[in-house]
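Numbering (our numbering), first residue to last: 1025 to 1327.
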Ligand SMILES: NC(=O)c1ccc[n+]([C@@H]2O[C@H](COP(=O)([O-])OP(=O)(O)OC[C@H]3O[C@@H](n4cnc5c(N)ncnc54)[C@H](OP(=O)(O)O)[C@@H]3O)[C@@H](O)[C@H]2O)c1
């Protein structure tokens, strides 16, 4: 039986991805920060599929020590990992907020937490020759900008820009990992995907978080008139996880107008997500911010 981890699996895209994986006979570990919400999700999956093999584990991606504990426990309990879905995210926090480790919250949760998680789990991923690391990005990466002089947005914070930047970081990471795996001659693959626009908590939580009125209306407009369901939004991510013909370095999204809705297809990122020099710099900085140690000695060739 294959084993998968889905981060942020208690709702939205993560939940539907976990549900489909469980239906396909994969043992799924739900990485969630809230035990009650995680248990509800677990029950819903088992209710819909009585043979599902699902387990809940505590994971707060905005806290590096929680990421380390989660990975250590997983490695203790499992001999290998076939699929890691880096899905959890927070979006457009109206005020600059800091993670447990003192980093800007969206960059910390969406990018740094997943960067460390992947590094910590890599020894187990390398034990599965067909392992996939699927990182969830967004159309919003298009307005992201990595400012190496103000990576924590100390001088200039705006919630939506910080979200776009974190989603650009997700893509730079996913593509750089794909290059590293390829250069080392490994069979494991790194793939990115985005859901287009889907009705999930991430779209509807604007007013509660005090987002600016215009942006909140825009979010509501998207949610009401343009968005697909959360189950539909999960399809490109599920395709990246299980689909045939998925290759290292691919990026999937919906096939409809402006990639907002539709069936999964291979999509193109904006050019800045393909900037290899920036990807390397971001990698080095992320290593130093998280203390991540990549097990290069376990990769097939020399890196
Ligand atoms: N929905 C869209 O239209 C859309 C568009 C583009 C990209 N995306 C991407 O799709 C992915 C899933 O988002 P979604 O739309 O499904 O949103 P969602 O319903 O809000 O789900 C986000 C998940 O991430 C979890 N999470 C947030 N912070 C966390 C933390 N510190 N540690 C662990 N888990 C945490 C949430 O847990 P809690 O329930 O505890 O908050 C929730 O389970 C994200 O990467 C997002 O950027 C979504």
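C-beta atoms are modelled at their ideal positions from N, C-alpha and C, and glycine is treated no differently.
{"Check": "Buried versus exposed, by CB contacts within 10 Å (16 or more), residue 1179", "Outcome": "exposed"}
{"Check": "Exposure label - residue 1230; buried when at least 16 CB within 10 Å", "Outcome": "With a pLDDT of 48 at residue 1230, under the threshold of 50, the modelled position of this residue cannot be trusted; read the value that follows with caution. Buried."}
{"Check": "Residue 1329, DSSP secondary structure in three states", "Outcome": "Because the chain is modelled from 1025 through 1327, residue 1329 falls outside the range shown and cannot be assessed."}
{"Check": "C-alpha gap between residue 1284 and residue 1182, whole angstroms", "Outcome": "23 Å"}
{"Check": "Residues that residue 1156 bridges to, as DSSP identifies them", "Outcome": "1107, 1213"}
{"Check": "Sequence ranges, beta strand (DSSP E) only - wholly within the segment 1167-1231, length at least 3", "Outcome": "1213-1217"}
{"Check": "Span of the beta strand (DSSP E) around residue 1063", "Outcome": "Per DSSP, residue 1063 belongs to no beta strand (DSSP E); it is in the alpha helix (DSSP H), 1059-1072."}
{"Check": "Between the CA atoms of residue 1216 and residue 1261 - distance to the nearest angstrom", "Outcome": "8 Å"}
{"Check": "Residue span of the alpha helix (DSSP H) that contains residue 1031, given as start and end", "Outcome": "Note, residue 1031: premise wrong, no alpha helix (DSSP H); beta strand (DSSP E) at 1027-1031."}
{"Check": "DSSP-derived helix/strand/coil call for residue 1316", "Outcome": "coil"}
{"Check": "Residue 1085: CB within 6 Å of a non-hydrogen atom of ligand 1", "Outcome": "yes"}
{"Check": "Nearest residue (CA-CA) to residue 1226, options 1107, 1176, 1134, 1047", "Outcome": "1134"}
{"Check": "Residue 1287 burial status per 10 Å Cβ neighbour count (16 or more: buried)", "Outcome": "exposed"}
{"Check": "For residue 1054: DSSP bridge partner residues", "Outcome": "1030, 1080"}
{"Check": "Heavy atom of ligand 1 within 6 Å of residue 1114 beta-carbon", "Outcome": "yes"}
{"Check": "heavy atom of ligand 1 below 6 Å from residue 1065 C-beta", "Outcome": "no"}
{"Check": "Touching by the beta-carbon criterion (3+ pairs, under 8 Å), the segment 1296-1305 and the segment 1122-1129", "Outcome": "no"}
{"Check": "DSSP three-state assignment for residue 1145, whether helix, strand or coil", "Outcome": "helix"}
{"Check": "Three-state class that DSSP yields for residue 1119 in the structure shown", "Outcome": "coil"}
{"Check": "Straight-line gap, residue 1301 to residue 1197 (C-alpha atoms, nearest Å)", "Outcome": "12 Å"}
{"Check": "Proximity test, residue 1089 beta-carbon vs ligand 1 heavy atom, cut-off 6 Å", "Outcome": "no"}
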